[in-house]
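J.:
Residue numbers (the numbering used here): 1190 to 1270.
Below you can see the structure in the form of C-alpha cells.
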C-alpha cells in the first residue's frame, strides 16, 4: 500500500498532470461544476461551443478563478445527435 499511497500523493500534488492544460469540449457545459473541477485541477483555459442557457455560470467560474481562466466560445458543435 505504501507505493500506491506515494503515487496517489504525487498525483494530488501535481494535480494529475493537468496544470496548464486546456479543457476542450465538443458540446457546451450545461453547468459550472465541470469547469470548477477542471480549474481545481490546474486547467488554465477552456474551449467550447457555448449555447447553454447557463453559459453565464461557466463564464463566472472562469472569471472567479485565481488566476483567471481563459474561455473561448467556438459557436460550433463538433457532433450531431
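From the three backbone atoms N, C-alpha and C, an ideal C-beta is built for every residue, glycine too.
Rounded to the nearest angstrom, how far is the Cβ of residue 1232 from that of residue 1261, given a contact under 8 Å?
T.: Your numbering for residue 1232 matches position 43 in the chain shown. Your numbering for residue 1261 matches position 72 in the chain shown. So it is not a contact: roughly 13 Å between Cβ atoms.
J.: Would you mind working out which of 1217, 1192, 1257 sits nearest residue 1266, comparing C-alpha positions?
T.: On the chain shown, position 77 is the one that residue 1266 refers to. Among 1217, 1192, 1257, the Cα nearest to that of residue 1266 is on 1217.
J.: State buried or exposed for residue 1200, treating a residue as buried only when at least 16 other CB atoms are found within 10 Å of its CB.
T.: As a first step, residue 1200 must be located in the chain shown, where it is residue number 11. Per the 10 Å Cβ criterion, exposed.
J.: I'd like the list of long-range same chain contacts for residue 1209, defined as Cβ closer than 6 Å, with 5 residues on each side in sequence excluded.
T.: To locate residue 1209, count along the chain shown from 1; it is residue 20. 1233.
J.: Compare the Cα-Cα distances from residue 1239 to each of 1214, 1250, 1258, 1259 and report the closest residue.
T.: Reading the chain shown from its first residue, position 50 is the one you call residue 1239. Closest by alpha carbon: 1214.
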